[in-house]
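Worksheet: the structure to be examined is printed underneath.
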Amino acid sequence: MVDAKIRIRQLSYSYGGAEALREINLDVPANAVTAFFGPSGGGKTTLLRLINRLNDLVEGTRMQGTILLDGENIYAPGVDVPRLRRRVGMVFALPLPLPGTVRENVVCGPRLAGIRDWGRLEEILERSLAQAALWNEVKDRLDDPAVALSGGQQQRLCIARSLALEPEVLLLDEPTSGLDPISTAKVEESLFELKQQYTIVIVPHSVQQAARVADYAAFFLMGDLVEVQEGTRIFTTPQDPRTEDYVTGRFG
Amino acid sequence: MDRFLVQRLGFALLLFVALVVVVPILFVLGVIVVEGSMAITWEFLSAMPSDGMKGGGIFPTIVGTFLLMLGTAMASIPVGVGGAIYLAEYARDTWLTRAIRLAIVNLAGIPSVVYGLFGLGLFVLFLQFGTSILAGALTLAIMTIPIIISTTEEALRAVPTEFRTIIASLGGTRWQGIRGVVLPQALPGIITGIILGLLRAAGETAPILFTVAAFYLPRLPHSPFDPTMALPYHLYVISTQVPGMPLRIQHGTALVLLTLVLSMNVTATVIRSYFRRRRQW
Amino acid sequence: MDKGVIVTNRGGISGRRWTEVPIEATIRVLGFSTIGFVLLIFLFLLREGLPIFYEVPTGNLFGTRWYPTFELFGTLPLLLGSILVTVTAILIALPLGVATAVFVRELAPDWVREILKPMIEVLAGIPSVVLGFFGMHFVAPLIRNIFGAPTGLTVFTGALILAYMALPTIISVAEDALDTVPKSYRDAGLAMGATQWQTIWKVVVPAARSGILMAVMLGMGRAIGETMAVMMVTGNAARLPLTFDSLFRPARTMTATIAAEMGEVAQGSTHYHALFGIGIILFVLTFLINLTAASAIFRKQRRGGLR
Ligand SMILES: Nc1ncnc2c1ncn2[C@@H]1O[C@H](COP(=O)(O)OP(=O)(O)O)[C@@H](O)[C@H]1O
Ligand SMILES: [Mg+2]
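Residue numbers (my numbering), protein chains in the order written: chain A, 19 to 270; chain B, 489 to 769; chain C, 2 to 308.
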């Protein structure tokens, strides 16, 4: 891997007493889709939330190791955490619009960052919705409450909401777990567009989805990073027997 | 005896008890409304009392209660809402937080007449505010604060955690999340809580007995340092301290006080249910 | 390579803008302020009340006669007056409250509940002086006619009014308690062939016991501190309520004593200090009662709010 956007070194993490991640070493390449997959409880969500320091919100946890973004330790003292989170966007498993209209949802991030000029916000609005493949569907409904959109639209709205900040990295945690196949296809399609510009880390909701979208895939099992491979090799010729068990469906 | 017969009798008994609880409430309301409404005239509401309170109206008591509530609101809302934000959004589970919660429980349980003593000791005498609207409003405010804190905290906690997480993930600070999403979403609940707190203050007599209340003062206060008449105290005075007081005036005063308090109660309930139906989560 | 930092996370969203520093500092101070208020209240009660202990011999303070004009400050009749009124009130309110809670929770159809709940909230909202007024004019004459008490202003009259004042608290806390009893308990009872009635009293209510106890404590805390209504309807005679007919004779509570006499005493006089001394007793008493009730709340990590 030549151009690593994120380097994770010797990362261990525990909630209270329970270890969620053990000595993870992983490079996430730029401008590609990296998939973290594996059975539930493996620590995938935890790792995602560590990359934009969202787990700072959880009390009583312990972390060891480093995460470097463009070579800089994001846990170093004095790091501007809000700025980090603007650089590393996050989309959650359930589509969760904020209360308010479609428009307010999308421009929320930029406004938090201090952008007041509505001319600029309108530009951001259109660009982000277009990138999330949602513009055509909602351009006449920008002032409708966000919850009035369908589930699939809501999830793409959440993607647009993250994209509005023009992040360098986009983290997606099972973004299609609640969606129907057509909406899922739309979200996956937009990922292909987005990876030209962004570094994408996704926790897919199935092995099939991982195989469809991943340029790199990492298999997590109970807090261990078992194996990481380029392209779809991990699904065809896994090196580790545990990975093989999982991808062939003998496990979980 | 057939146990289903026992059950039938038992259920009947429970219904009876529920009626025993509710019917007197209706009776109190009914009597005061019927008897009181005969006293209510425009003059009764808008005129000064005269003839040693046996004539005229109760205007200054209404104004006094209104001013007291205004003062109470100004002092208790910032402290109550701020305290609740601290507890719901900032406090971790430490001994200090527990001490705060204990303090709130304790404040909520202190008898109103003890608040009166405290207000007399601190505001009237020590700080030399004298028997004044200021002293009374501050006393009532401290009594109201635990109610506002409890209800506001509940309203804040009802806002889904996810909203805070989303704001954080979009690069918002904690305060931005509170200001931008949590407070607006909790606002109806907070307003309800504030009204419930103020309603309690509006009806209280004991805390203002020695801090504000003027027995008979047929003029309006000019400054926060003036004493004033107030509705609940006035009702107490005319029903126990003035011999030969026309019953009509007593009932009228009771009705005005009851209307004020219950209309606030209804407002709070309406706000709560209206926004509960409208909210998006 | 980096040696690796260790972060022991204490929770919270990191990062704030400098404009937020004063805001958050203020919120913190407001959060702590409640502790300050309690201390301040206690301090001022002590400041004005403690002198009584060296102004008047202890024997006098715990004597049986309260005649301040004759320098007699025996608090016993007041203490017993308060206890008698409160206990009587709870004895009336407890069965009514629990039965109503059971009725509302377990039996009443939705539309009945929709009527009952607001009614009980209305009751909670009626100012105590209005209830006192009503008690004087409607309950007292009733007591006079039924029990032949001379004025009708008796311990029982006060307890009756107080019981209704405590009812909203008792009902709502008892309801919460019933609410927490798992449905499986009910099903188990019914499956064993018990009627719904038997299940309620043999299974559900006992399971909600500790919550109901808490309701009683909270109701008691409210009742013992109640002032205006009690003062208006109990007749205010500072007599030792030790005879059997005490229930139907006047008595005087601690709260009523303070309320009735504070207006007439000179600041700094012995009588003034004595009234603050009673305030200290009330403060400590309600503190203990609410502490007991609250420890149950803290144990259950209940949602915020007392009432
Ligand atoms: N907030 C939390 N508090 C305590 N334990 C947690 C928390 N979040 C996750 N865990 C634990 O950490 C482990 C990894 O969880 P997670 O990161 O959600 O895995 P995945 O996303 O792969 O399913 C699990 O054992 C889970 O129980
Ligand atoms: Mg997960």
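Cβ coordinates follow ideal geometry from the N, Cα and C atoms, glycine included.
- Item | Residues that Ser34/C bridges to, as DSSP identifies them | The count along the third sequence starts at 1 and reaches residue 34/C at position 33. Note: Ser34/C sits in no beta bridge, so no partner.
- Output the residue ranges of the alpha helix (DSSP H) runs that lie fully inside the segment 29–77 of chain A and measure 4 residues or longer, sorted by chain position. 62–69
- Query: Which of the residues in the segment 55–80 of chain A, read from start to end, lie with their CB under 7 Å from any CB of chain F?
  - Reply: The structure shown contains no chain F; its protein chains are A, B and C.
- Query: Ordered along the chain, which non-local residues of its own chain (more than five positions away) have a Cβ less than 7 Å from that of Gly280/C?
  - Reply: Here residue 280/C is taken as the residue at index 279 of the third sequence, counted from 1. Answer for Gly280/C: Leu46, Gly50, Ile259, listed in chain order.
- Check: Thr63/A C-beta below 6 Å from any heavy atom of ligand 2: Position 45 of the first sequence holds residue 63/A. Yes, since a heavy atom of ligand 2 falls inside the 6 Å radius drawn around the Cβ of Thr63/A.
- Task: Provide the residue span of the alpha helix (DSSP H) that contains Met108/A, from first to last.
- Result: Along the first sequence, one-based indexing puts residue 108/A at 90. Element bounds for Met108/A: not the alpha helix (DSSP H) but the beta strand (DSSP E), 106–109.
- Message: Ignoring anything shorter than 4 residues, give me the alpha helix (DSSP H) runs that lie fully in the segment 105–181 of chain C, in order along the chain.
- Response: 111–126, 129–135, 141–148, 156–180
- Message: To be precise: take each residue of the segment 650–664 of chain B, compare its Cβ to all Cβ atoms of chain A, and keep it if any distance is under 8 Å. Which residues remain?
- Response: Glu650, Phe651, Arg652, Thr653, Ile654, Ile655, Ala656, Ser657, Leu658, Gly659, Gly660, Thr661, Gln664
- Please list, in chain order, all residues of the same chain as Arg767/B whose beta carbon is under 6 Å from its beta carbon, the five residues on each side excluded. Walking along the second sequence from the start, residue 767/B turns up at place 279. Nothing listed; no residue qualifies.
- Task: List the endpoints of the continuous alpha helix (DSSP H) containing Tyr234/A.
- Result: Residue mapping note: residue 234/A aligns to position 216 of the first sequence, counting from 1. No alpha helix (DSSP H) contains Tyr234/A, which is instead part of the beta strand (DSSP E) from 234–239.
- Item | Through-space distance from Gly212/C to Gly540/B, alpha-carbon basis | Residue 540/B sits at position 52 when you count from the first residue of the second sequence. Residue 212/C sits at position 211 when you count from the first residue of the third sequence. If I take the Cα positions, the gap works out to 51 Å.
- How would you call Ser600/B, buried or exposed, if buried means at least 16 neighbouring beta carbons within 10 angstroms? Here the question's residue 600/B lines up with position 112 in the second sequence. By the 10 Å Cβ count, Ser600/B comes out buried.
- Query: If Gln257/A sits next to Glu248/A, beta carbons under 8 Å apart, how far is it from one beta carbon to the other, in whole angstroms?
  - Reply: For the purposes of this step, residue 257/A is taken as residue 239 along the first sequence, with counting starting at 1. For the purposes of this step, residue 248/A is taken as residue 230 along the first sequence, with counting starting at 1. With 8 Å as the limit, Gln257/A and Glu248/A do not qualify as a contact, their Cβ atoms being about 12 Å apart.
- Task: Compute the minimum distance between the beta carbon of Tyr234/A and the heavy atoms of ligand 1, and state whether it is under 6 Å.
- Result: For the purposes of this step, residue 234/A is taken as the residue at position 216 of the first sequence. No, Cβ of Tyr234/A sits at least 6 Å from all heavy atoms of ligand 1.
- Assign Leu239/A to buried or exposed, taking buried as 16 or more other Cβ atoms, counted over all protein chains shown, within 10 Å of its Cβ. Here residue 239/A refers to the residue found at position 221 of the first sequence. Per the 10 Å Cβ criterion, buried.
- Item | Opposing strand residues paired with Leu86/A [DSSP bridges] | Position 68 of the first sequence holds residue 86/A. Partner(s): Arg25/A, Asn91/A.
- Kindly say whether Thr693/B, judged by its beta-carbon, lies nearer than 7 Å to any beta-carbon of chain C. Along the second sequence, one-based indexing puts residue 693/B at 205. Closer than 7 Å: yes.
- Task: For Thr716/B, write down the residues that DSSP places opposite it in a beta bridge.
- Result: Locating residue 716/B in the second sequence gives position 228, where the first residue counts as 1. Partner(s): Ala701/B.
- Helix, strand or coil for Thr194/A per DSSP? To locate residue 194/A, count along the first sequence from 1; it is residue 176. In the structure shown, Thr194/A sits in coil (DSSP, three-state: anything other than H, G, I, E or B).
- Amino acids of chain B, ordered along the chain, whose beta-carbon sits closer than 9 Å to that of Arg179/A: The count along the first sequence starts at 1 and reaches residue 179/A at position 161. Within chain B, the residues near Arg179/A are Ile654, Leu658.
- Do Ile679/B and Ile759/B have their C-beta atoms within less than 7 Å of each other? Numbered from 1 along the second sequence, position 191 holds the residue referred to as residue 679/B. Numbered from 1 along the second sequence, position 271 holds the residue referred to as residue 759/B. Yes.
- Task: Please list, in chain order, all residues of the same chain as Leu575/B whose beta carbon is under 6 Å from its beta carbon, the five residues on each side excluded.
- Result: Numbered from its first residue, the second sequence carries residue 575/B at position 87. Glu641, listed in sequence order.
- Item | Residue of Gly609/B, Leu501/B, Met536/B, Ala572/B minimising C-alpha distance to Phe698/B | Translated into positions along the second sequence, residue 698/B becomes position 210. Taking only the C-alpha atoms, the option nearest Phe698/B is Gly609/B.
- Message: Which runs of the alpha helix (DSSP H) at least 4 residues long sit entirely within the segment 619–655 of chain B? Give them in chain order.
- Response: 621–646
- Val165/A at chain B interface by Cβ criterion, 7 Å: Indexing the first sequence from 1 puts residue 165/A at position 147. Yes, its Cβ sits closer than 7 Å to a Cβ of chain B.
- Candidates Thr728/B, Arg662/B, Met631/B, Pro706/B, of which the one nearest Met557/B by Cα: As a position in the second sequence, residue 557/B is number 69, starting the count at 1. Nearest C-alpha to Met557/B: Met631/B.
- Could you tell me which chain B residues have their CB closer than 8 Å to the CB of Met374/C, listed as they occur along the chain? Outside the shown range of chain C, which is 2 to 308, sits residue 374/C, and nothing can be said about it.
- Are the C-beta atoms of Met108/A and some chain B residue less than 7 Å apart? Looking up residue 108/A in the first sequence gives position 90. Yes, Met108/A counts as interfacial toward chain B.
- From the DSSP output, in three-state form, read off Gly732/B for me. The residue labelled residue 732/B in the question sits at position 244 within the second sequence. Reduced to three states, the DSSP call for Gly732/B is coil.
- Message: What does the alpha-carbon distance come out to for the pair Gly241/A and Thr79/A?
- Response: Position 223 of the first sequence, counting from 1, holds the residue named residue 241/A. Position 61 of the first sequence, counting from 1, holds the residue named residue 79/A. Cα to Cα, Gly241/A sits roughly 15 Å from Thr79/A.
- Name the one or two DSSP bridge partners that Glu248/A has. Residue mapping note: residue 248/A aligns to position 230 of the first sequence, counting from 1. DSSP, once it has assigned bridges, lists Tyr234/A as partnering Glu248/A.
- Item | Distance between Ser201/A and Arg27/A (C-alpha atoms, nearest Å) | In the first sequence, counting from the first residue as 1, residue 27/A sits at position 9. In the first sequence, counting from the first residue as 1, residue 201/A sits at position 183. Computed Cα separation, rounded: 36 Å.
- Message: Counting only C-beta atoms, is Ala131/A closer than 7 Å to chain B at any point?
- Response: The residue you call residue 131/A lines up with position 113 of the first sequence. Ala131/A counts as touching chain B.
- Reference Gly624/B, options Pro537/B, Pro706/B, Ala690/B, Ser525/B, closest by Cα: Translated into the one-based positions of the second sequence, residue 624/B becomes position 136. Cα-wise, what sits closest to Gly624/B is Ala690/B.
- Message: Is Leu87/A close to chain B? Criterion is C-beta to C-beta, closer than 7 Å.
- Response: Locating residue 87/A in the first sequence gives position 69, counting from the first residue. Not closer than 7 Å to any Cβ of chain B, the Cβ of Leu87/A fails to qualify, so no.
- Taking all protein chains shown into account, do 16 or more other C-beta atoms lie within 10 angstroms of the C-beta of Phe134/C, making it buried, or fewer, making it exposed? Counted from its first residue, the third sequence places residue 134/C at position 133. When all chains shown are included, Phe134/C counts as buried.
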